[in-house]
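Inspection log for the structure reproduced underneath, given as C-alpha cells.
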Amino acid sequence: MTPTVKNVALPLICLALLLVVPAVVSDSYTRHLFIIAFIYAIIASNWNLSLGHCGVFNFGHLTFFGVGVYTAAIAAKTLGVSPWISILSGGVTAALAAFIIAAPVARLKGIYVVLVTFAFSQLAMQLVLSQSQITGGAEGMVRIPYLKLGDYSFIRDYKLGYYYAGLALLSVSTLFLIAVTRSPFGKSLTAVRDAEDYAASRGISVSRQRILVLILSAIFTGFAGGFYAIYLRVASPEVFGFGTLSLALSMVLIGGTGTTFGPIVAALALTFATESLAGIRGFEEARFIVIAVAMILVLRVAPGGVLGILDRLLPSARQ
Amino acid sequence: MTETLLATLVSGVVLGSLYALMASGLSVVWTTLGVFNFAHGALMMFGAYIAWTVSEAAGLGLPAGILAGTAGAAFAGVVIERLLVRPFYGNRNMLLVTVMTTLAAMIILEKGAQIIWGARLKQLPRLIDGEVSLLGVAISAHEAILLVLAPAVLIAIWRFTVLTNTGRSLRAVGQNQDSAALIGINVPVAFALAFGLSAALAGLTGALLGSIRFITPSMGAEPLVKAMIVVIFGGLGSLGATAGAAYIIGIIEALLILWLGLYWTPFVLFLLMIVVLVFRPNGIFGGRE
Amino acid sequence: MGRLLDVRDLFAGYGPIDVLRGISIHLDAGENIGLFGPNGHGKTTLLQTISGLVRPTSGTITFNGADITTAQPPKIVEAGLVQSPQGNTMFGEMRVQETLELAAFSRRARGKRNDNLRRVFGLFPRLQERGNQRSKTLSGGERQMLSIGAALMCEPGLLMMDEPTLGLSPRLKEELSEAIGKIASDGVPLIVVEQDIEFLLRAADRLYLIEHGEAVQEIDRANAPDHAEIMELYFGKAGA
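Protein sequence lines correspond, in order, to chains U, R and S. The first sequence begins at 799 in the working numbering and counts up one residue at a time. The second sequence begins at 145 in the working numbering and counts up one residue at a time. The third sequence begins at -12 in the working numbering and counts up one residue at a time.
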C-alpha cells in the first residue's frame, strides 16, 4: 500500500461507507452501537495523542471525558443552556482540567506520572460523589435535555440524527488529530518521545510540550463526553472507573499506539465485538476477560498494535 | 471532646494497619522489580474469596481460610509475574507495559471472581467475638488482632530482608540485577518470590478484611487506591517509610472524617497526594534521587 | 595440565550487532591470562558472555570440561567461574559486610563463608573498617575492593576481573596490584582485563590483544617483546 492509499483513500472510503450505513441499517440498536463506537473512537484516538505520540503516561484521560459529561449535563439540565452549547462547553472545561493537571505532570517522570494522573481522575470522581446536590452523587443525573435542530427532534428518528452528529464529531476530531500530528509541533512530540535528552538539547521545551499536548488531547475528549451525556441523557460517576479506563486503553493498545487511525478502527471493532459477546449467554462478564486477554496478547505479540502487523505484512505481500 | 479524638485516633490506627499491609506489598514488588502492580487490590479480593470458600463454603474454619487465602493469593501473584510481567523484562517501555498488563490482570481477577462466586455479598466470621478496650475506646476483638498482627507481619518481613540470605537477595536484585546475578543469585526466582510475597500480604489483608467489610469482586479497588496514596506519601523506596506513611494516612483519614465528613475526606486525601507528589516526587520520607 | 577454560569461535553482542566476532581464547590450569586492547572492542562483552549475562549467538564456552555456553549466571557461579565487574557500586543501599556475606550465596560458597570473609578482610583491611557503611558511600578504590571481595566470597575456581584499577590513583593501584598478586599466589587462576600492560605483564603468564571482537595476537611472557614493541603493537593497530 502506498502512503496515499493508506492515509487518504482508505479513510475516505471508510467514511463513505459509514455515511451510507444508516440507509442500510435501520434498527436503532445497531445505530446505537455505532454511536457508542464513535464516542470511544474519539476517546481512544485523542488519548493516543498524549500516550502514543508524546509518550506521556497519562492514566487520567477519562477524567477529561468525565468532566465533559458532567459539564454538559449540568449546563443543559441545571442551567438550561442549549444542549448544543452544552456539548461544546464540555470541551472547554475538559481543556481547563487538562491545564490544571498538566502543570504538575510536566515536572514528573515515569511511574509518578501514572500515579498523579490516576489520582486526578479519582479526585474528580470523589468531587462528583461529594457534590450530590449538583451532580446527583452516586446515582448520577438523568433526563438530561436532548438535541433539537429547529423543529427537528433527535429522539424520534431511530437515532439517525445522533448517528450523523457522532460521525461528524469523530470526523472533525480525526482531522484535528491529523493536523496536530502533521504540524511541526506534532513532529517535535515524536522527537521528544524517542530521545528526550536530544530534543531538550535542540531547544524543545519538554514541559511546555507536555502541557500543550494534554490540553489538545482533552478538547475533543470533552466534546465526546458532552455528546455522550446529551445522547444517553444520563451522567454517572462510572465514567471515571477502572472499567471505562481499561476498555479505552485496550482500544489504544490493540489499534496501535502512535497511529491516528488504529485506535479508531479498534474502537469500532471492539465495541461490536464486546456487544456481540454480551449476546452470548454466560459471556456478559467474561467478555471483559476476553478484552483483557486480547490486550495482553497484543502487548506480547504485536506491541505496534494490530494495524502495525498489517503494516508489516502488506509491504512484503506487495513485493 | 478528648474521647472523640481518642476514638478517632484508634480507628485511624486500625485503618493504618490495613493500609500498611497493603502498601508494603506494593512496595516490595516495586523495590525488587520496578513494577507497579495494579492487580494488587484484586489479589486482596481474591484472597478474601479463597478464605471464604475454605472457611465457609467448605466449612474448614476461619484459620484454615486465612491460610488458604494467603497462599491462594501468593500463587496467583506468582502466576501473574510469570505470564504478565516476566515476558517484558528488558523491554524499553517495561514500566508502562507492566502497568497495562497488571491492569488487565485486575480485570481478569475481578470479572473472574464475579463469574465464580456471583454478585451476592459474602462475609467471613470474626476471628474472636467480643470487644476490647483500648485507651478507653471499645473496638472489636477482631480489629484488635489486626492492630497487633499488622506490625508483627511487617517487622517479620523487614527482619527477613535484613537477616536472611533469601531476603537480602531480594534487596540485592532490586538494586543491581547484573551484580546480583554475578554472585550467583537467580534473578527470575527472586522476582517470582517478591511477587509471591507481595501477593501473600494482599491475600492476608483480604482474608482479615473479609470479616469487617463485605466481600465483593470490586472490594480491592478502594484499598488499592489508598495504598497508592500511602506509597506516594512515603515514597516507593523503603518498607519502613511505607509502613510509617500508612499509619499517618490512616490517622489523617480518621481525623478528616471527623472534621469534614465522609464525603469530603477522599477528595482532600487525593488533593494532598497530588500536592505531595508535585513538591516531593519521591514522597515525604523518600530520599531525593 | 588440563584446560580450565576454552572459548571457541564465540559470537555475541547486544541486539542485532555482534560485538564478539569469532573470538577464541583459552586458559590452562596453573596459568593466569590478561586481555588488553582498545576500548569498545569486546573485552567486557567477552567476560559478560562467559559469565552468562550476555547470550552468545554461536560458538562454545567450556569450563572444567563442562559446556557452559548457554548456562545461566547462577549455574556458572556455582561451577566456580566468577566475574568481578568493572567500576561497580554493587548494591548501593546495602552495607559492606552484608554485601560480602550475601555474596557467599551459592551452595559452593556457603560453607566457607566465614573463612572467606576473614580472607577478604585480611586482603582488604579497609573493607573491614567500612563494614557497617552503605556501599554507595564508598570511594572508587573501595568499591573496586568490594567488587573483588564479593567475587572472592563466591569461592572462585577461576576469577575474571574487569579493569580492577580503572581510574585509581597510583598509590591505590599499587595496593590493588599487590592484593591481586596475593590472590593469584593463593592459587586462584585469574583472567584480568587491563589497559596497563606493565601491570598485566606482572600479573599474567599470557596476554591476548583483543580488537574488533577477535583475539588478534597472543603474547607469551616468557618470550615477550619489549615494552616499546608492545606499545607499537597496541597503538599502531589501534590507531590504524
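In this text, a Cβ means the ideal position worked out from N, Cα and C, and glycines have one as well. Since we're looking at a predicted model, the values are computed, not measured.
Strand pairing of residue i, partner residues [DSSP]
i, result
"LEU68(S)", "LEU145(S)"
"GLU201(S)", "GLU198(S)"
"PHE23(S)", "LEU196(S)"
"THR49(S)", "ASP(-7)(S), ASP54(S)"
"ILE170(S)", "None, per the DSSP bridge assignment."
"SER951(U)", "LYS946(U)"
"PRO837(U)", "Checking the displayed sequence, the identity of residue 837(U) turns out to be Ile instead of Pro. Its beta-bridge partners do not exist; DSSP assigns none."
"ILE359(R)", "LYS266(R)"
Option in the options with minimal Cα separation from residue i
i, options, result
"LEU1121(U)", "THR1042(U), GLY1080(U), SER999(U)", "Outside the displayed span of chain U (799 to 1117) sits residue 1121(U), for which this structure offers no information."
"THR175(R)", "GLU80(S), MET147(S), GLY(-11)(S)", "GLU80(S)"
"ALA215(R)", "VAL154(R), LEU352(R), LEU271(R), GLY347(R)", "GLY347(R)"
"GLY1060(U)", "SER1005(U), LEU1010(U), THR972(U), ALA1022(U)", "THR972(U)"
"MET188(R)", "ALA167(R), VAL331(R), VAL276(R)", "ALA167(R)"
"PRO295(R)", "THR305(R), ALA390(R), ARG230(R)", "ALA390(R)"
"ARG106(S)", "ILE167(S), GLY2(S), PHE(-2)(S)", "ILE167(S)"
"GLU162(S)", "ARG42(S), ASP207(S), PHE186(S)", "PHE186(S)"
"HIS286(R)", "ILE272(R), VAL419(R), SER171(R)", "ILE272(R)"
"ARG130(S)", "LEU278(R), VAL276(R), ALA257(R), SER323(R)", "SER323(R)"
"LEU278(R)", "VAL157(R), MET417(R), LEU402(R)", "VAL157(R)"
"ILE942(U)", "GLU1036(U), PHE916(U), TYR868(U)", "TYR868(U)"
"PHE(-2)(S)", "LEU22(S), ASP15(S), HIS28(S)", "HIS28(S)"
"ALA1092(U)", "PRO410(R), ILE210(R), LEU247(R), ALA371(R)", "LEU247(R)"
"VAL865(U)", "THR933(U), GLY908(U), ALA966(U)", "THR933(U)"
Reduced DSSP secondary structure (H/G/I, E/B, other) of residue i
i, result
"GLN924(U)", "helix"
"THR44(S)", "strand"
"PHE414(R)", "helix"
"LEU149(R)", "helix"
"ARG121(S)", "strand"
"ILE885(U)", "helix"
"LYS62(S)", "helix"
"MET81(S)", "coil"
"LYS985(U)", "helix"
"ALA1033(U)", "strand"
Range of the contiguous beta strand (DSSP E) that encloses residue i
i, result
"ALA(-1)(S)", "-10 to 1"
"ALA282(R)", "281 to 284"
"ILE178(S)", "177 to 180"
"SER277(R)", "275 to 278"
Residue range of the alpha helix (DSSP H) that includes residue i
i, result
"ASP825(U)", "First-last for ASP825(U): undefined, no H or E at that position."
"ARG8(S)", "Looking at the DSSP string, ARG8(S) is not in any alpha helix (DSSP H); the run it does join, the beta strand (DSSP E), is 4 to 15."
"ASN235(R)", "Element bounds for ASN235(R): n/a, residue is neither H nor E."
"VAL1004(U)", "1004 to 1030"
"LEU314(R)", "309 to 319"
"PRO112(S)", "112 to 116"
"VAL1063(U)", "1060 to 1077"
"LEU187(S)", "184 to 190"
"LEU368(R)", "365 to 378"
"PHE335(R)", "331 to 353"
"ILE872(U)", "Premise fails: ILE872(U) is in no alpha helix (DSSP H) and is neither H nor E."
"TYR961(U)", "958 to 980"
"LYS30(S)", "30 to 37"
Spatial distance of residue i from residue j (CA atoms)
i, j, result
"LEU162(R)", "VAL819(U)", "54 Å"
"VAL223(R)", "LEU383(R)", "24 Å"
"GLY200(S)", "ILE12(S)", "12 Å"
"ILE103(R)", "PRO361(R)", "As shown, chain R starts at 145 and ends at 433. That puts residue 103(R) outside it, with no answer to give."
"LYS62(S)", "GLY311(R)", "20 Å"
"VAL173(R)", "GLY318(R)", "9 Å"
"ALA164(R)", "ALA893(U)", "37 Å"
"ARG432(R)", "GLY379(R)", "Any reading at ARG432(R) needs caution, since the residue's pLDDT is 40, under 50, leaving its predicted position unreliable; the model's value is listed next. Taking the straight line from one Cα to the other gives about 10 Å."
"LEU849(U)", "GLY1023(U)", "19 Å"
"ALA821(U)", "LEU815(U)", "10 Å"
"SER981(U)", "THR988(U)", "11 Å"
"ILE1089(U)", "THR1072(U)", "8 Å"
"SER843(U)", "ALA1064(U)", "10 Å"
"VAL420(R)", "VAL970(U)", "39 Å"
"LYS30(S)", "MET147(S)", "11 Å"
"PHE92(S)", "ILE135(S)", "15 Å"
"ALA385(R)", "GLY185(R)", "20 Å"
"ALA191(S)", "LEU177(S)", "8 Å"
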